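Peer 1: Sharing a structure below in structure tokens format, with a few things to ask.
Numbering (the UniProt record's numbering), first residue to last: 1 to 295.
Structural data, given as structure tokens:
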């Protein structure tokens with residue numbers, strides 16, 4: 001059913017005539033007559049019984065009039081809602097974030113909220129691998145992922161934009177053997193107990209692969225998906241860990257030994273990712289525009 005023909009039909013009934021309807025709709029009378037004929041033909045029903053210049057509604061016409069008013073109202077409401085979305089007066093942003101991305105993302109999310117206060121921020125927290133799966137299935141529109149040698153195939157499925165690159169550092173207790181050093185080789189840590197991250201965190205694979213290339217398998221003394229808790233365990237002597245410098249810089253000085261990893265040099269590369277060829281909502285496109293503008 002043509003929504004325009006339905007609108008013309010309602011206008012003819014409301015204005016009690018074809019001429020008045022044509023004036024209201026800013027079209028010619030023959031145009032109105034043609035649209036009513038097309039509507040009747042599409043339904044294979046007579047809606048108006050014409051007697052000279054006058055007409056009466058048939059039973060079918062009464063049904064179409066009542067339902068037509070409701071359909072036109074819904075159509076109008078849909079237009080308003082879509083316009084609201086386009087102008088970012090409503091909607092939500094479904095973003096997957098790792099715990100490690102909280103610090104760099106917080107200022108961007110605050111700027112986004114200031115610019116679009118009506119958009120609800122729906123943040124789904126998890127590991128990079130879980131976020132990747134949710135992006136692939138469409139549960140999430142966008143999410144943070146790490147770029148590293150073992151996940152290069154993923155970028156055939158996802159588009160991305162770099163958020164932050166930070167060198168990896170050794171985080172050890174304050175009185176460790178590396179205190180005062182400017183750099184450390186990974187193979188020097190072969191006999192140490194490592195604190196790794198929760199299951200599903202890509203950083204585990206990055207560190208484990210680097211250790212294997214350095215000639216040893218890391219001994220794991222604990223796991224946590226919370227960087228603050230990992231740092232507390234390190235401070236209390238449970239083990240050492242590798243963390244991006246951007247996070248190490250937030251820790252209380254004097255409580256830890258922080259030394260840059262030099263051999264091999266590892267970078268923590270945080271990316272904003274979304275499914276290649278997938279639909280992005282108005283809210284998501286606005287988020288991407290903001291991130292690019294702040295790069």
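Glycine included, C-beta positions come from ideal geometry on N, C-alpha and C.
Since this is a predicted model, take the numbers as computed values, not measurements.
Is it a yes or a no for the region 242-260 touching the region 117-126, going by three-plus beta-carbon pairs under 8 Å?
Peer 2: With a cut-off of 8 Å, the region 117-126 and the region 242-260 do not count as touching, because too few Cβ pairs lie within range.
Peer 1: I need the straight-line Cα distance from residue 248 to residue 71, nearest angstrom please.
Peer 2: Reading the chain shown from its first residue, position 248 is the one you call residue 248. Reading the chain shown from its first residue, position 71 is the one you call residue 71. Approximately 59 Å between the Cα atoms of the pair.
Peer 1: Quick check: the Cα distance between residue 22 and residue 14, rounded to an integer number of angstroms?
Peer 2: Counted from its first residue, the chain shown places residue 22 at position 22. Counted from its first residue, the chain shown places residue 14 at position 14. Straight-line Cα distance between these residues: approximately 12 Å.
Peer 1: Expressed to the nearest angstrom, what Euclidean distance is found between the alpha-carbon atoms of residue 118 and residue 98?
Peer 2: Along the chain shown, one-based indexing puts residue 118 at 118. Along the chain shown, one-based indexing puts residue 98 at 98. So the alpha carbons of these two residues sit roughly 24 Å apart.
Peer 1: Sorted by chain position, which residues of the same chain lie with C-beta nearer than 6 Å to residue 73's C-beta, five sequence neighbours on each side aside?
Peer 2: The residue labelled residue 73 in the question sits at position 73 within the chain shown. Hits under 6 Å: none found.
Peer 1: With distances taken between CB atoms, is the gap from residue 223 to residue 198 smaller than 9 Å?
Peer 2: For this step, residue 223 is matched to residue 223 along the chain shown. For this step, residue 198 is matched to residue 198 along the chain shown. Taking 9 Å as the Cβ cut-off, residue 223 and residue 198 qualify as a contacting pair.
Peer 1: Inspect the beta-carbon positions of residue 103 and residue 290 and report whether they are closer than 9 Å.
Peer 2: The count along the chain shown starts at 1 and reaches residue 103 at position 103. The count along the chain shown starts at 1 and reaches residue 290 at position 290. Not closer than 9 Å, so no.
Peer 1: For residue 54, which of helix, strand or coil comes out of DSSP?
Peer 2: What you label residue 54 is simply residue 54 of the chain shown in a count that begins at 1. DSSP places residue 54 in strand when its eight states are reduced to three.
Peer 1: Give a yes or no on whether the C-beta atoms belonging to residue 218 and residue 167 are separated by under 9 Å.
Peer 2: By one-based count along the chain shown, residue 218 stands at place 218. By one-based count along the chain shown, residue 167 stands at place 167. Taking 9 Å as the Cβ cut-off, residue 218 and residue 167 do not qualify as a contacting pair.
Peer 1: Taking buried to mean at least 16 other C-beta atoms within 10 Å of its own C-beta, is residue 94 buried or exposed?
Peer 2: Locating residue 94 in the chain shown gives position 94, where the first residue counts as 1. It counts as buried.
Peer 1: Got a sec, what are the start and stop residues for the alpha helix (DSSP H) residue 115 sits in?
Peer 2: Within the chain shown, residue 115 is the residue found at index 115, counting from 1. Here the alpha helix (DSSP H) through residue 115 covers 102-115.
Peer 1: Please classify residue 78: is it buried, with 16 or more other beta-carbons within 10 angstroms of its beta-carbon, or exposed?
Peer 2: Taking the first residue of the chain shown as position 1, residue 78 is located at position 78. By the 10 Å Cβ count, residue 78 comes out exposed.
Peer 1: Which term fits residue 116, buried or exposed, when burial requires 16 or more other beta carbons within 10 angstroms of its beta carbon?
Peer 2: Here residue 116 is taken as the residue at index 116 of the chain shown, counted from 1. Counting Cβ neighbours within 10 Å, residue 116 comes out buried, since at least 16 surround it.
Peer 1: Going by beta carbon distance, what residues of the same chain come within less than 7 Å of residue 76, once the five residues before and after it are set aside?
Peer 2: To locate residue 76, count along the chain shown from 1; it is residue 76. Hits under 7 Å: none found.
Peer 1: Between the alpha carbons of residue 91 and residue 120, how many angstroms are there, rounded?
Peer 2: Residue numbering aside, residue 91 sits at position 91 when the chain shown is read from its first letter. Residue numbering aside, residue 120 sits at position 120 when the chain shown is read from its first letter. Roughly 6 Å separates the two Cα atoms.
Peer 1: Would you grab the beta carbon distance between residue 170 and residue 259 for me? Rounded to a whole angstrom, and I think it's under 8 Å.
Peer 2: As a working note, residue 170 is residue 170 in the chain shown. As a working note, residue 259 is residue 259 in the chain shown. Indeed, because the Cβ distance is near 5 Å, the residues count as touching under 8 Å.
Peer 1: So does the region 275-283 actually touch the region 197-211, counting three or more Cβ pairs closer than 8 Å?
Peer 2: They do not touch, by the three-pair rule.
Peer 1: Per DSSP, residue 94 forms a beta bridge with which residues?
Peer 2: Stepping through the chain shown from its first residue, residue 94 is reached at position 94. Answer is 122.
Peer 1: Can you determine whether any heavy atom of the ligand NAD sits closer than 8 Å to the C-beta of residue 263, and answer yes or no?
Peer 2: Absent from the structure shown: the ligand NAD. Ligands present: none.
Peer 1: Once DSSP output is grouped into helix, strand and coil, what is the label at residue 30?
Peer 2: Locating residue 30 in the chain shown gives position 30, counting from the first residue. In the structure shown, residue 30 sits in a helix (DSSP, three-state: H, G or I).
Peer 1: Flag this pair as yes or no: are the beta carbons of residue 25 and residue 7 separated by less than 9 Å?
Peer 2: Looking up residue 25 in the chain shown gives position 25. Looking up residue 7 in the chain shown gives position 7. Against a cut-off of 9 Å, the Cβ pair of residue 7 and residue 25 comes out as a contact.
Peer 1: For the beta strand (DSSP E) that contains residue 166, what are its first and last residues?
Peer 2: Against the chain shown, residue 166 aligns to sequence position 166. First-last of the beta strand (DSSP E) with residue 166: 158-173.
Peer 1: Do you know whose CA, among 210, 17, 174 and 294, lies nearest residue 54's CA?
Peer 2: For this step, residue 54 is matched to residue 54 along the chain shown. For the residues 210, 17, 174 and 294, the minimum Cα distance to residue 54 belongs to 17.
Peer 1: Determine the DSSP secondary structure at residue 253, reduced to helix, strand or coil.
Peer 2: Position 253 of the chain shown, counting from 1, holds the residue named residue 253. Correct three-state label for residue 253: coil.
Peer 1: What is the rounded straight-line gap between the Cα of residue 180 and the Cα of residue 156?
Peer 2: Taking the first residue of the chain shown as 1, we reach residue 180 at position 180. Taking the first residue of the chain shown as 1, we reach residue 156 at position 156. For residue 180 and residue 156, the distance between alpha carbons rounds to 43 Å.
Peer 1: What's the call for residue 137, buried or exposed, on a 16-neighbour Cβ count within 10 Å?
Peer 2: In the chain shown, residue 137 corresponds to position 137, counting from 1. That one is exposed.
Peer 1: Note the first and the last residue of the continuous beta strand (DSSP E) segment covering residue 241.
Peer 2: Working through the chain shown from its first residue, we reach residue 241 at position 241. Per DSSP, residue 241 belongs to the beta strand (DSSP E) from 241-244.
Peer 1: On the DSSP bridge list, what partners appear for residue 267?
Peer 2: As a first step, residue 267 must be located in the chain shown, where it is residue number 267. Answer is 167, bridged to residue 267.
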